[in-house]
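Here the structure comes first, spelled out in structure tokens, and everything after it is commentary.
Numbering (UniProt numbering), first residue to last: 1 to 562.
Right, dumping it as structure tokens:
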């Protein structure tokens with residue numbers, strides 16, 4: 001559950017804090033007040049791609065903080081700066097975008113305009129059907145089999161490649177791996193060798209420089225300086241600092257003499273070592289020219305070449321073993337795909353029935369959903385006994401379908417099915433793809449029915465709906481409100497609405513209002529209850545008049561009774 005949302009310098013919000021709870025929460029307000037602020041802020045907090053334009057005017061960053069209870073308290077925070085940098089925190093600790101998205105996928109559904117368009121895509125419909133049926137584990141197991149099959153086929157393709165080309169590659173890769181292994185380069189080795197080469201190559205000049213420095217230190221001038229300073233300090237108490245500095249000079253000169261002698265004595269004019277270092281550097285340079293700009297790149301190339309060599313020489317699996325593995329995996333995939341598809345068809349019948357019931361409650365008697373299943377041929381696919389095309393329009397359709405002969409089917413990590421939701425809004429109309437019939441208020445109610453029906457298969461999610469009642473009139477608003485209450489019985493629901501009938505059905509009611517001081521404009525969010533809520537509902541009905549206040553009371557009473 002989302003317990004609190006704090007919004008700072010985000011869009012038209014300066015500082016907004018909203019305390020939330022279970023059940024149905026609605027947000028209302030005049031057009032242009034920024035009602036979608038809450039939806040956008042939640043999406044932002046959980047990783048939605050947004051640019052710097054969401055940062056409030058005059059601010060240098062936008063921040064949204066979401067306090068959750070997912071069995072334990074969790075706080076998600078995201079900040080976006082004018083420089084375009086996004087940072088995430090989970091419970092105060094730095095987090096990755098992937099961590100936040102994974103958390104969101106476990107409990108959050110946002111049904112905004114773009115998300116409603118998403119459900120029109122067959123791939124999204126298939127995922128929704130699997131979630132409704134509780135088939136995620138089966139789908140994950142099938143996907144694992146598909147990945148294993150693809151890897152076996154990759155190795156088979158490598159082994160079955162042209163024998164002459166394979167031998168040529170084996171010879172080249174063997175030479176390259178052996179050449180690198182023989183050299184045994186170590187990352188960073190070239191830098192240390194270049195430093196040693198410079199030292200060995202300049203040993204004579206370095207020793208000469210050390211000798212000159214020692215000779216200069218032995219000059220009587222330094223002793224004369226020290227003697228003169230001591231005389232001055234002995235006659236002038238105010239020159240004690242000079243005596244201290246002279247002492248430092250004397251100590252430093254002695255330390256420098258010792259260091260220079262040690263450095264001079266350590267210099268080694270070793271032409272054999274210099275030649276060996278130069279030869280080693282030349283070898284490393286040749287390897288880098290052939291295999292990579294750095295030693296690390298050379299070693300990475302060696303590892304890749306070794307893996308390719310292992311595949312080409314059949315390391316770990318012979319051609320026969322791989323062919324047997326392919327047959328075994330195809331058989332396993334066929335069983336998994338058939339079982340998954342049969343269970344999907346059964347779930348599709350249940351979903352069709354659940355949506356029909358919701359559509360009837362929403363006043364769309366006669367509107368219906370059907371689910372089309374398509375299986376494409378692929379000679380390289382698993383043998384599956386499923387029809388090429390089948391439409392499930394009721395619970396009995398799947399059982400009545402004849403069982404065809406097994407045929408090789410095209411497959412993905414989702415199985416062998418292509419699924420598409422079909423809809424008809426009026427009796428007698430043939431069902432057509434949902435994306436081609438979607439328009440207006442009927443679509444809003446249809447998608448709401450789909451959301452509520454799918455929601456019956458899960459619990460404890462956060463469902464965020466933006467203008468789900470778009471195109472819906474007041475007469476239908478009450479049934480939309482009741483549908484949202486049914487959804488809120490199993491989930492926390494946040495809804496942006498313009499209908500008083502929907503707002504009256506809520507457990508909590510917030511109003512979004514636009515404020516201005518003449519120079520700046522911002523939005524505020526306040527919770528309304530009691531008389532303030534009556535007044536807001538009356539205003540939504542057309543104005544705070546006795547008649548509208550009475551109508552607001554009737555809406556609240558009707559919602560409470562339902």
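Note that CB positions come from ideal geometry on N, CA and C, so glycine has one too.
*May I ask you to report which of helix, strand or coil DSSP gives residue 19?*
Strand at residue 19.
*Report the residue ranges of all alpha helix (DSSP H) runs contained in full by the stretch 144-200; include only those spanning at least 4 residues, in chain order.*
Taken in chain order, the complete alpha helix (DSSP H) segments of 4 residues or longer contained in the stretch 144-200 are 163-183.
_I believe residue 507 touches residue 24 by the beta-carbon criterion, under 8 angstroms. Please report the beta-carbon distance rounded to the nearest angstrom._
Yes, they are in contact, since the Cβ atoms of residue 507 and residue 24 sit about 5 angstroms apart, within 8 angstroms.
*Going by other Cβ atoms of all chains shown within 10 Å of its Cβ, with 16 needed for buried, is residue 400 buried or exposed?*
Any reading at residue 400 is ruled out, since the residue's pLDDT is 47, under 50, leaving its predicted position unreliable.
*Which partner residues of residue 523 appear in the DSSP bridge assignment?*
For residue 523, which the question treats as bridged, DSSP gives the partners 13, 514.
*Pick out whichever of 498, 281, 338 has its Cα sitting closest to the Cα of residue 374.*
Minimum Cα distance to residue 374 is reached at 338.
*Integer-rounded CB distance, given that residue 185 should sit under 8 angstroms from residue 284*: Between residue 185 and residue 284 the Cβ distance is about 6 angstroms, and since that is below 8 angstroms, they are a contact.
*Along the chain, which unbroken stretches of the beta strand (DSSP E) at least 3 residues long are found entirely within the stretch 4-78?*
You should have 13-19, 24-28, 61-69.
*Using 10 angstroms around the beta-carbon of residue 588, count the other beta-carbons present and answer buried if the total reaches 16, otherwise exposed.*
A query on residue 588 cannot be resolved here, the shown segment of the chain reaching from 1 to 562 and no further.
*Does the beta-carbon of residue 381 have 16 or more other beta-carbons within 10 angstroms, so that it is buried, or is it exposed?*
Residue 381 sits buried, since 16 or more C-beta atoms from the chains shown fall within 10 Å of its C-beta.
*Reducing DSSP to helix, strand and coil, say where residue 304 ends up.*
Here residue 304 sits in helix by DSSP.
*Assign residue 425 to one of two classes, buried (16 or more other C-beta atoms within 10 Å of its C-beta) or exposed (fewer than that).*
Under this definition residue 425 is a buried residue.
*asked:* What does the Cβ neighbour count give for residue 41, buried or exposed, with the cut at 16 atoms within 10 Å?
replied: Here residue 41 is buried, its C-beta having at least 16 other C-beta atoms within 10 Å.
*Given a cut-off of 8 angstroms, decide if residue 38 and residue 5 are closer than it, judged by their beta-carbon atoms.*
Yes. Within cutoff.
*CB residue 319 to CB residue 135, shorter than 8 angstroms?*
Here residue 319 is not near residue 135, since their CB atoms are 8 angstroms or more apart.
_Per-residue burial, residue 111 [other beta carbons within 10 Å of its own, 16 or more giving buried]_ = Buried is the call here.
*Paired residues, beta bridge with residue 492 - DSSP*: Secondary-structure assignment with DSSP links residue 492 through a beta bridge to 462.
*Just the Cα atoms here: how many angstroms apart are residue 296 and residue 272?*
CA-to-CA, the gap between residue 296 and residue 272 works out to about 28 angstroms.
_Ordered list of beta strand (DSSP E) runs contained in the stretch 226-309, each at least 3 residues_ = If we require 3 residues or more, the stretch 226-309 turns out to have no beta strand (DSSP E) run fully inside it.
_As assigned by DSSP and simplified to three states, the class of residue 400_ = Because the pLDDT at residue 400 is just 47, under 50, the model does not fix this residue reliably, and the value given afterwards should be weighed accordingly. Looking at residue 400 - three-state DSSP - the assignment turns out to be helix.
_Entirely enclosed alpha helix (DSSP H) segments - the stretch 308-389, minimum 4 residues_ = Fully enclosed alpha helix (DSSP H) runs of 4 or longer: 319-361.
*Using CA coordinates, which residue listed in 130, 228, 427, 294 is at the minimum distance from residue 360?*
Considering only alpha carbons, the answer is 427.
_Per DSSP, cross-strand counterpart(s) of residue 469_ = In DSSP, residue 469 forms no bridge with anything.
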